[in-house]
Amino acid sequence: MTIQSTAQEVPVLELDPFSDEFLNDPYEAHEQMREAGPVFWLERYQLYGVARHAEVSQVLADHETYVSSRGVGISDFAKEKPWRPPSLLLEADPPHHTKARHVVSHIMTPKVLRGLKEGFQERADELVARVAAGKGTVDGVADLAEAYPLEIFPDFIGLPKDGRENLLPYGSMVFNTFGPRNSHFERAMERGATAQAWIMEQCQPGAPAPDGLGAKIHAAAAEAGYDEVDQAKLLRSFLSAGVDTTVHGIGNALQCLAENPEQFGYLREDPSLARAAFEETVRYSSPVQTFFRTTNKDAELSGMRIPEGSKVLMFLAAANRDPRQWENPARFDIRRKAAGHVGFGFGVHACLGQMLARLEGECFLTALARHVEKLEPAGEPVQQLNNTLRGLDSLPLRLTAA
Amino acid sequence: MPKITYILPDGLETVLDAEPGTSVMRTAVSNGVPGIVAECGGSAMCATCHVYVETEDTEGLPAVSDVEDEMLDCTASERCANSRLSCQLQVSEDITVRLPETQV
């Protein structure tokens, strides 16, 4: 259909970016997509893709043409009913989106986050020192990457101690459902069903502790005129997107540092590189690999026509390793300037929690530099396959305490 | 091409040609000017591309939006009347900016 009607012929690719093979090791396919052209057509799913840094950035920036209100997964909300009520942030366009976003950005400012740093750092130091002192091998995912955000984040929001184990399966479900209805989608829905009930309960106004961020969001949303249903929905965004992503960011950082001992050496010598090391991890490993947009009018991108109503899949992870943008993109280098990556997106929909994620990453890696002398792989890491996220299920590590 | 003059905290000046329409932040970052961190890459979320605009005639500059205004309250160095986020400054004419002591 569309192929004949485009100004320039859009290259057609047969690959399946949601297959286990791709999700396990996407890098060769990323290269193939970047080389195919600035825009390509994914025959299997009948949609467009962009994998170069320039085009991914343009699609992210042009939120009027490439809208989010028709869903940021593979499904077009204009044609298909979403499985949950759409997010007021992620799955919305200006001006509605602008209003909702302001409620949150007003509360979670860089200044507020700076005030949290001391407490976050103390808890990271305590955790890493304790795990490092334990001797022998540890699971970098369960013992560190999951343990830290699961300690910090729910307290920050004001969630009860009981039931926090629901946060990870819920996040995993949300991110899996942006993809097609494959086995990951179906399994995530099964596993997430019980978690969903708990999450919805915690999102109700009055449920979170009165001194946490959750209650502040509810109050600010009420003040902005949102009813209780929408107040709950705004908090839901945090519980959906705030945990799995950070867990994967920290887990991937541990893997990168263990596999590149000279890089861990730089961090040990100068712990102030912690923030840069986390930034480089987000570029290099892209915990959020992809997002979709939908064209709400006929568009042209780098000379190629994309008709109205097309789904466009942005390969953020491929853009973050585009040699047109980065020198030695496949090299993990904590001393590079990684700013400008699209791992947190860009523009009006840029990740709202990115400064919180950076803070968690920085505190954790600072603690690692302080309390761990040697960080070595102690077995094969197991990749956790998800339609959107890239992270680990387990990461055997041998730690030597400093 | 419009020229951007960056005055570093130590008084050193760097003058760069800017592609019309690009921001003061982007021009600095792609040319390796120190002192502009721009962690969020230009989404007005991190307040680490803070500059003081020294050019007197600021009529050609885009107005400060609500979001930028709020972010300017979060800068690590003191906010002054001429404080701006350089990611929000698209350049069409020559401009001079002074960099703050610190961004984080």
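Chains as they are written, first to last, in numbering that gives the first Met the number 0: chain L, 0 to 401; chain Y, 0 to 103.
Note that beta-carbon positions come from the ideal geometry of N, C-alpha and C, so glycine has one too.
None of the values given here were measured: they were computed from a predicted structure.
Put simply, the CB of T108 of chain L is near chain Y, with a gap under 7 Å to one of its CB atoms. Taking 7 Å as the CB threshold, G339 of chain L lines the interface with chain Y.
In the structure shown, D229 of chain L adopts helical secondary structure according to DSSP, grouped into three states. Counting C-beta pairs closer than 8 Å gives three or more between the segment 193-211 of chain L and the segment 151-166 of chain L, which meets the contact rule. About 19 Å separates the beta carbons of N165 of chain L and I216 of chain L, which is beyond the 8 Å limit, so they are not a contact pair. Sequence-distant Cβ neighbours of S22 of chain Y in its own chain, meaning closer than 6 Å and more than five residues away, are C86, L88 and Q89.
The beta-carbon distance between V71 of chain L and E54 of chain L, rounded to whole angstroms, is 17 Å. This is too long to meet the 8 Å contact definition. Listed along the chain, the chain L residues whose CB falls inside 8 Å of the CB of E77 of chain Y amount to none; the nearest CB is some 13 Å away. For E150 of chain L, the enclosing alpha helix (DSSP H) starts and ends at A146 to I156. Excluding the 5 residues flanking it on each side, A206 of chain L has same chain C-beta neighbours closer than 7 Å at E200, in chain order. Taken through DSSP and simplified to helix, strand or coil, L384 of chain L comes out as strand. Rounded to the nearest whole angstrom, the CA to CA distance from Q254 of chain L to A28 of chain L is 22 Å. Identification of chain Y residues near S104 of chain L by a Cβ-Cβ cut-off of 8 Å yields M44, V66 and E69, ordered along the chain. Contact residues of the segment 28-60 of chain Y toward chain L are V28, S29, G31, V36, A37, E38, C39, G40, G41, S42, A43, M44, C45, A46 and T47 (C-beta to C-beta distance below 9 Å).
Under the Cβ criterion (8 Å, minimum of three pairs), the segment 341-350 of chain L counts as touching the segment 40-49 of chain Y. Put simply, the segment 35-51 of chain L touches the segment 292-308 of chain L. At least three CB pairs are less than 8 Å apart. Considering only L:L312, L:H183, L:L358 and L:E279, the residue with the shortest C-alpha distance to N319 of chain L is L:E279.
Contact check for F174 of chain L and L388 of chain L: beta-carbon distance about 5 Å, within the 8 Å limit, so the pair qualifies.
Taking 4 residues as the shortest admissible run, the segment 15-68 of chain Y contains the following complete alpha helix (DSSP H) segments, listed from N- to C-terminal end: 23-29.
In chain order, G40, G41 and S42 make up the part of chain Y whose C-beta sits under 8 Å from the C-beta of F345 of chain L. Interface annotation, C73 of chain Y: in contact with chain L, CB-CB separation under 7 Å. When the Cα atoms are used, V14 of chain Y and D93 of chain Y turn out to be separated by approximately 10 Å.
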